[in-house]
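*Asks:*
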Amino acid sequence: MKNVTNDLPKTVEALKKLLPAEDILTFEFLTEKGLTFTVVFADPITDKELLGEQVVRALRRFDGPPTAEEVGKHIASPEMKREKSLEKLAAEVLAGNPVLLWEGMDEGVVAGTKKVFTRAISEPSTDVAVKGPREGFIEDVKTNTSLVRRRFKTGELRIEMVEVGRRSKTFVAVCYLEGTSKAEAVEEVKRKLGEIEIDIVPDASYLTHFLSSRPYSLVKQVGTTEKPDIFCAKIAEGRVGLIVDGSPIALTVPYLLIEDFQSSEDYFVPPYRATFTRLLRLFALIVAIYLPAFYVAGQLFKLQLFPVKLLLTIAGSIRDIPFSPSLEMLLVLLVLEVLNEASIRMPKYVGMALSVVGALVLGETAVSAGFVSTPAIIIIAFSGIGLYAVPNLIEQTSVLRLAMLLVAGSVGTYGIILVTGFVLFYLVTTENFGTPLLAPFSPMIGRDLRDSVFKYNLGSLPTRPRTLKSPNKRRLK
Amino acid sequence: MNKISSRQLYFFLACVAPVGKLVYLPSLLVSSAKNDLLFPAALQYLVQAGAIFCVLLLAKRGMNFFELLENTFGRIAASILIGIFSLFLFYSALLPLLEQKLFVQSAFYDTLPSLVAFSPFFLFAVYLCAKPLSSMGRVWDIIAPLAIAGYIGIMLLSVGTADFGALRPVGAAGGSGFWKGTMSAMSWFFDAALLLPLLGKFQYKKGMAAKGALAYLLGGAAVIFFLATFYGIFAELSQNQLFAFTKTSKYFAGITVLGRIDYLFIFTLALVMAFYCALPIQAGIDCIVQAAGPKKYLRPALGIVLCALYFALTDLLDYRFTEVVRAISGTVVWIFPVFCLLVPVLCLLLRRRRREIS
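Residue numbers (our numbering), protein chains in the order written: chain S, 2 to 478; chain D, 847 to 1204.
Here it is, written out as structure tokens:
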């Protein structure tokens, strides 16, 4: 049987066959006129209080003709809908919406009384701003889309729901501004989402793999944010946003590498300050990636790289170290990575103890025991801090730093230069959704450079980024 | 990958191409033209700018190099001609590669490094060769500012220590010195030939030929200023300063306190040079691909074979660099003007209208 029939017991049996799980319950109730309704619902995710209030109590006094239309009118649920297909009704039950069936009717009524588990909206720990909004996305797609809708009081904002995941049937909200986002990009996003054949989507990060043109690449190709203000700003520039049910991380495409050097705060402080901090982030990242590598290459292959006095200091510190410079640096880097990994996963109350162990026991004692030198610890510490200046790129940059270190230890400075060349070439040839990753630097787009590493004031940014090829070019009249 | 834009092309001509002329060429010019080293370089730049003007005019026809040849000579003859031209490009790549290898060994290592030190370059070159030549346009967008930064950094640290009076008296080397200098420099000027395989990968825009030639001359002016500074610092000792741009800045007063900060700029220029040195190989491979048509593994396969060959050659000729320079810039130096000057000019005579090819 595919559809609801007039025979209630048979319909309920067919529905139960589709939903054999123990937590799918049915109950019956009678109206004052003696009409019997059967409700099928998923126990853990249905709001029973709401069901009682909006459905059962409303229908107790129902005395009209028992048609779906009449029953629907009595149910006080705005999300009520009628459905004939048993499969679709089963899907609604699994989504938390109870299904109402009664004798003599060949369609069911879906009452939108699912239970929504949400935590309070709070500031995301990964994207803290001193100035600016403090709201962050949570795990509920409805709440998240409401945070977006609140910021765009225009009908141009389109929020299209797409289901992804064969078993999880996760809702993904595709958000874009009609007439501002490139239509081809919107279509491509929907096509890519439609082609995903995956069991479940536990988090938004699962989708990034399917949305990337080079899915096995180390390089990030989809933008991520936990803040609705950033998300909306990106949509307003002409990007397409994705909010995934169950994930506080929203995705945006097309993604430009420069996005991760920009912070929401840059737009709330004077432009010269924003330019300075962006340059500082870039500098910190370059130093974080290259400093350990150049230190090792300098020691092993070209001592001239160090000023004489510094060279003497280094020579004094490494005199009794039993390891080669590259092995020593790798060791310290490994300790840093382990400490970093452990401190993230460790319960908070142990975290303090871990810092003490990391800083004092491992650092201080290792130096005094002669395992590692002080300059190595200073360099790795600085590199470790520098990496966090651009937190969204940590996964990529920490691998790059390790690669640089390995090359520096084996080939020296020329190896570092060549790896840089490799990375540059790879980056300039990476495109996603028709947008080059390294724009506006390569291809160079002069106007877009005004909001790149440099930040001009708002008056100088009257148009949307050309890179995104938005059909609606002006944002400032 | 999109087409190369006119801006990217100008970046290449003005910023990337000059970097290859800052390593061995300055000392070579001094050895033949003495304090008149600027004039042979200037002449080379003027002549080469003319050839570049011709090549960029060819872009008006909207055909790639192979199509241009095929349009006039037919498929078979065009394949042979482009094959010969790609052989020239592979030949022209040898000197910059040897030069770069010695530069790397000298500048980046305190002691003579093992074979391993330069070999990663060939991996890098294989990677570049496997990609379409048109993707280089975006690379030029990135490395041109780096080249400018590197050049300005080196010059800021060098100019203060230069005595430009050393360039006088003008004309002291005489006509023979000027001629010898011009001939020896010839094998470093093949930029017009590098542009021929790029035809069809960029769209001609109004005034592009003149702007391209001008961009090249702008780069030339920077090289000539560097040559003057170089001679101003080392005077008659210049001919012994083989890797010029690593040497000029080392007398900067701040270096004793800060260390070799000039290496920051040297690294930057070395990165630009790595891309520049691989370009003739990429261009040669692209010529073959133009004739053979797009085949999936042709580019990487040719890249691997050629880079393996260059790896062996650079290793074999490691200690014979002077002899190689003498041979390439001496006995067979005519090859360069033929392919870099004559071919671009002759190409202007190729059939203009597209012929129906069955």
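Don't be surprised by glycine CBs; every beta carbon is placed ideally from N, CA and C.
#1: Given this structure, state the Cα-to-Cα distance separating Ala22/S from Met81/S, to the nearest angstrom.
#2: Looking at chain D, is there any beta carbon in it that lies within less than 7 Å of the beta carbon of Met445/S?
#3: How big is the Cα-Cα spacing for Leu889/D and Val869/D?
#4: By a C-beta neighbour count over all protein chains shown, 10 Å radius and 16 as the cutoff for buried, is Asp107/S buried or exposed?
#5: Check whether chain S comes within 7 Å of Leu943/D, counting only Cβ atoms and requiring the distance to be less than that.
#6: Along the region 959–971 of chain D, where does the CB come closer than 9 Å to a CB of chain S? Name the residues.
#7: Just verifying my parser: in three-state terms, what is the DSSP assignment at Lys456/S?
#8: Hey, is Leu1238/D's beta-carbon within less than 7 Å of any beta-carbon in chain S?
#9: In the DSSP assignment, find the unbroken alpha helix (DSSP H) run with Leu450/S in it and report its ends.
#10: Between which two residues does the alpha helix (DSSP H) holding Thr352/S run?
#11: What residue does the alpha helix (DSSP H) around Cys1193/D start on, and which one ends it?
#12: Quick check on Trp986/D: does DSSP put it in helix, strand or coil?
#13: Output yes or no for whether 7 Å exceeds the beta carbon distance between Ser1033/D and Ile1174/D.
#14: Would DSSP call Gly133/S helix, strand or coil?
#15: What would DSSP say about Trp1034/D, mapped onto helix, strand or coil?
#16: Taking any Cβ of chain D, which residues in the region 418–443 of chain S have a Cβ under 9 Å from it, in chain order?
#17: Between which two residues does the alpha helix (DSSP H) harbouring Phe211/S extend?
#18: Pick helix, strand or coil for Lys849/D, following the three-state DSSP scheme.
#19: In three-state terms, what does DSSP make of Glu260/S?
#20: What's the C-alpha gap between Lys18/S and Thr464/S?
#21: By the three-class DSSP mapping on this structure, what secondary structure does Lys18/S have?
#22: Taking its Cβ as the centre, do 16 or more other Cβ atoms sit within 10 Å of Met1001/D, making it buried, or is it exposed?
#23: What residue from Lys1142/D, Leu892/D, Phe964/D has the CA that sits closest to Leu943/D's CA?
#24: What is the C-beta distance between Ser938/D and Cys1133/D, in whole angstroms, given that I count them as a contact (C-beta under 8 Å)?
#25: Count the other C-beta atoms from every protein chain shown that fall within 10 angstroms of the C-beta of Leu1083/D, then say buried if there are 16 or more, exposed otherwise.
#26: What residues are listed by DSSP as bridge partners for Arg475/S?
#27: Let me know the secondary structure DSSP gives Phe30/S once reduced to three states.
#28: Pick from Ser126/S, Phe277/S, Asp141/S, Val142/S: whose alpha carbon is nearest that of Arg135/S?
#29: Between the beta-carbon of Asp1037/D and the beta-carbon of Gln894/D, is there less than 7 Å?
#30: Which residues does DSSP pair with Asn4/S in a beta bridge?
#31: Which one of Phe269/S, Met330/S, Gly53/S has the shortest CA to CA distance from Gln300/S?
#32: Looking at C-alpha atoms only, which residue of Lys34/S, Thr39/S, Glu33/S is the closest neighbour of Leu26/S?
#33: Can you tell me whether Glu227/S is helix, strand or coil according to DSSP?
#34: Which residues mark the beginning and the end of the beta strand (DSSP E) in which Gly1105/D is found?
#35: From which residue to which residue does the alpha helix (DSSP H) around Phe1157/D run?
#36: Starting from Tyr268/S, follow the alpha helix (DSSP H) in both directions and report where the run begins and ends.
*Replies:* So, from the data block:
#1: Counted from its first residue, the first sequence places residue 22/S at position 21. Counted from its first residue, the first sequence places residue 81/S at position 80. Rounded to the nearest angstrom, the two C-alpha atoms are 24 Å apart.
#2: The sequence position of residue 445/S within the first sequence is 444, counting from 1. With 7 Å as the cut-off, Met445/S counts as an interface residue toward chain D.
#3: Locating residue 889/D in the second sequence gives position 43, where the first residue counts as 1. Locating residue 869/D in the second sequence gives position 23, where the first residue counts as 1. Approximately 19 Å between the Cα atoms of the pair.
#4: As a first step, residue 107/S must be located in the first sequence, where it is residue number 106. That one is exposed.
#5: Working through the second sequence from its first residue, we reach residue 943/D at position 97. By this cut-off, Leu943/D is not an interface position.
#6: Contact residues of the region 959–971 of chain D toward chain S are Pro959, Val962, Ala963, Phe964, Ser965, Pro966, Phe967, Leu969, Phe970 (C-beta to C-beta distance below 9 Å).
#7: Translated into positions along the first sequence, residue 456/S becomes position 455. Note: Lys456/S maps to strand in three-state DSSP.
#8: Absent from the structure is residue 1238/D, since the part of chain D shown begins at 847 and ends at 1204.
#9: Here residue 450/S refers to the residue found at position 449 when the first sequence is read from its first residue. Per DSSP, Leu450/S is not a residue of any alpha helix (DSSP H), being assigned neither H nor E.
#10: Here residue 352/S refers to the residue found at position 351 when the first sequence is read from its first residue. Per the sequence presented here, residue 352/S reads as Gly, with Thr not at that position. For Gly352/S, the enclosing alpha helix (DSSP H) begins and ends at 349–357.
#11: Taking the first residue of the second sequence as 1, we reach residue 1193/D at position 347. Here the alpha helix (DSSP H) through Cys1193/D covers 1189–1193.
#12: Taking the first residue of the second sequence as position 1, residue 986/D is located at position 140. In this structure, Trp986/D counts as helix in the three-state DSSP scheme.
#13: Position 187 of the second sequence, counting from 1, holds the residue named residue 1033/D. Position 328 of the second sequence, counting from 1, holds the residue named residue 1174/D. Taking 7 Å as the Cβ cut-off, Ser1033/D and Ile1174/D qualify as a contacting pair.
#14: Residue mapping note: residue 133/S aligns to position 132 of the first sequence, counting from 1. Gly133/S: coil per DSSP, three-state reduction.
#15: For the purposes of this step, residue 1034/D is identified with residue 188 of the second sequence, where counting begins at 1. Here Trp1034/D sits in helix by DSSP.
#16: Within the region 418–443 of chain S, the qualifying residues are Ile418, Leu419, Val420, Thr421, Gly422, Phe423, Leu425, Phe426, Tyr427, Leu428, Val429, Thr430, Glu432, Pro437, Leu439, Phe442, Ser443.
#17: Counting from one through the first sequence, the residue named residue 211/S turns up at place 210. Where Phe211/S is concerned, the enclosing alpha helix (DSSP H) starts and stops at 206–212.
#18: Counted from its first residue, the second sequence places residue 849/D at position 3. DSSP places Lys849/D outside both helix and strand once states are collapsed to three, so it counts as coil.
#19: Numbered from 1 along the first sequence, position 259 holds the residue referred to as residue 260/S. Looking at Glu260/S - three-state DSSP - the assignment turns out to be helix.
#20: As a position in the first sequence, residue 18/S is number 17, starting the count at 1. As a position in the first sequence, residue 464/S is number 463, starting the count at 1. If you take the alpha carbons of Lys18/S and Thr464/S, they lie about 57 Å apart.
#21: The count along the first sequence starts at 1 and reaches residue 18/S at position 17. Lys18/S carries a helical assignment under DSSP once its states are collapsed to helix, strand and coil.
#22: Here residue 1001/D corresponds to residue number 155 of the second sequence, with the count starting at 1. Only buried fits Met1001/D, as 16 or more other CB atoms lie within 10 angstroms of its CB.
#23: Start at 1 with the first residue of the second sequence, and residue 943/D comes out as number 97. Distance check between Leu943/D and each of Lys1142/D, Leu892/D, Phe964/D places Phe964/D closest, using alpha-carbon atoms only.
#24: Here residue 938/D refers to the residue found at position 92 when the second sequence is read from its first residue. Here residue 1133/D refers to the residue found at position 287 when the second sequence is read from its first residue. Their Cβ separation, rounded to whole angstroms, is 12 Å, which puts Ser938/D and Cys1133/D out of contact at 8 Å.
#25: In the second sequence, counting from the first residue as 1, residue 1083/D sits at position 237. Result: exposed.
#26: Along the first sequence, read from residue 1 onward, the residue named residue 475/S stands at position 474. DSSP lists Thr464/S as partners of Arg475/S.
#27: The count along the first sequence starts at 1 and reaches residue 30/S at position 29. Of the three classes helix, strand and coil, the one that applies to Phe30/S here is strand, per DSSP.
#28: The residue you call residue 135/S lines up with position 134 of the first sequence. Closest in C-alpha terms to Arg135/S, from the list Ser126/S, Phe277/S, Asp141/S, Val142/S, comes Ser126/S.
#29: Here residue 1037/D refers to the residue found at position 191 of the second sequence. Here residue 894/D refers to the residue found at position 48 of the second sequence. The Cβ-Cβ distance between Asp1037/D and Gln894/D falls below 7 Å.
#30: In the first sequence, counting from the first residue as 1, residue 4/S sits at position 3. In DSSP, Asn4/S forms a bridge with Ser86/S.
#31: On the first sequence, position 299 is the one that residue 300/S refers to. That would be Met330/S, whose Cα lies nearest to the Cα of Gln300/S.
#32: In the first sequence, counting from the first residue as 1, residue 26/S sits at position 25. Out of Lys34/S, Thr39/S, Glu33/S, the CA that lies nearest to the CA of Leu26/S is found in Thr39/S.
#33: The sequence position of residue 227/S within the first sequence is 226, counting from 1. In the three-state scheme derived from DSSP, where H, G and I count as helix and E and B as strand, Glu227/S is classed as coil.
#34: Residue mapping note: residue 1105/D aligns to position 259 of the second sequence, counting from 1. Element bounds for Gly1105/D: n/a, residue is neither H nor E.
#35: Position 311 of the second sequence, counted from the start, is the residue given in the question as residue 1157/D. Looking at the DSSP string, the run of the alpha helix (DSSP H) that includes Phe1157/D is 1144–1162.
#36: The residue you call residue 268/S lines up with position 267 of the first sequence. Neither: Tyr268/S is in no alpha helix (DSSP H) and is coded neither H nor E.
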